[in-house]
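These notes are about the structure you will find just below.
In mature numbering (1 follows the signal peptide of the UniProt record, and there is no 0), the protein residues as written are -26 to -1, 1 to 214.
Right, dumping it as structure tokens:
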């Protein structure tokens, strides 16, 4: 698993370096204040708390994509200006879960290396090289890999290390969604082994039906410019 994480981290670092190099002078991105108002805020507390909270909103888009918008600029996401803002609890909860998952994964990987023991699921389909794909059988290691696949591609656009010209954007979740789907599939497999196939399968059908219906409804918003702008008015009124 360490090798996989190293490859993911190296790839992300390479893409980040290439992105910075393509910006021309190698400086930070230049964007209007309306595109990312929090980045222009004079308050360090507001910038820190808001950008620590934004991953929560991105995770919400993956898990519960009810509120979608073609443009999340301006005040679509209200800045977190105080340590007493209840949204800070969500930020803390997210980072605690991520830290716990990473810690459990690291401990599980260390034990596996110490005992020279490795268990895996062998996928039924083979790769183009004629060898089946190995997936970690230990839930902690699987969770760690899924978290890494979700978090590492997201880091360059998180506003945590340098500011980017947007607050929130569904398009930056394409690669992180791979890790989310991996975790979802592994969780479904674990439920099947524990509960049998009936209830997990029914739950999967419900989830796919709801997500599919949401996709169809959202597709109607993209019929033309007017319908697209109308769909975003209740999400981001200043954009209207």
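Even glycine gets a Cβ: it sits at the ideal position worked out from N, Cα and C. No experiment lies behind these values; they were computed from the predicted model shown.
DSSP places residue 149 in the coil class of the three-state scheme, outside both helix and strand. When C-beta atoms of the stretch 69 to 77 are compared with those of the stretch 151 to 171, fewer than three pairs fall below 8 Å, so the two segments do not count as touching. Secondary structure at residue 84: helix, using DSSP grouped into helix, strand and coil. Three or more Cβ pairs closer than 8 Å define a contact, and the stretch 172 to 186 falls short of that threshold against the stretch 28 to 37.
Rounded to whole angstroms, the separation of the alpha carbons of residue 170 and residue 23 is 43 Å.
Taking the CA atoms as reference points, residue 40 sits about 34 Å from residue -17. Between residue 120 and residue 157, the C-beta gap is smaller than 7 Å, which places the two residues in contact. Residue 123 is positioned such that its CB atom lies no closer than 7 Å to that of residue 81.
Cβ atoms of residue 150 and residue 127 come within 8 Å of each other, at about 5 Å. Distances from the CA of residue 16 to each of 116, 53, 45 were compared; the closest alpha carbon is that of 53. Residue ranges of uninterrupted alpha helix (DSSP H) with 4 or more members, entirely inside the stretch 161 to 206 and ordered along the chain, are 172 to 195. Ranked by Cα distance from residue 51, the first of 25, 36, 63, 57 is 25. The beta carbon of residue 188 lies closer than 8 Å to those of 39, 40 in the same chain, with the five residues before and after it left out.
Looking at the backbone, the Cα of residue 46 and that of residue 5 are separated by about 14 Å.
The beta carbons of residue 13 and residue 48 sit about 13 Å from each other, so the pair does not count as a contact at 8 Å. Between residue 205 and residue 198, the C-beta spacing is not below 7 Å. Cβ-Cβ distances below 6 Å link residue 44 to 202, 206 in the same chain, with the five nearest sequence neighbours on each side left out; the list follows chain order.
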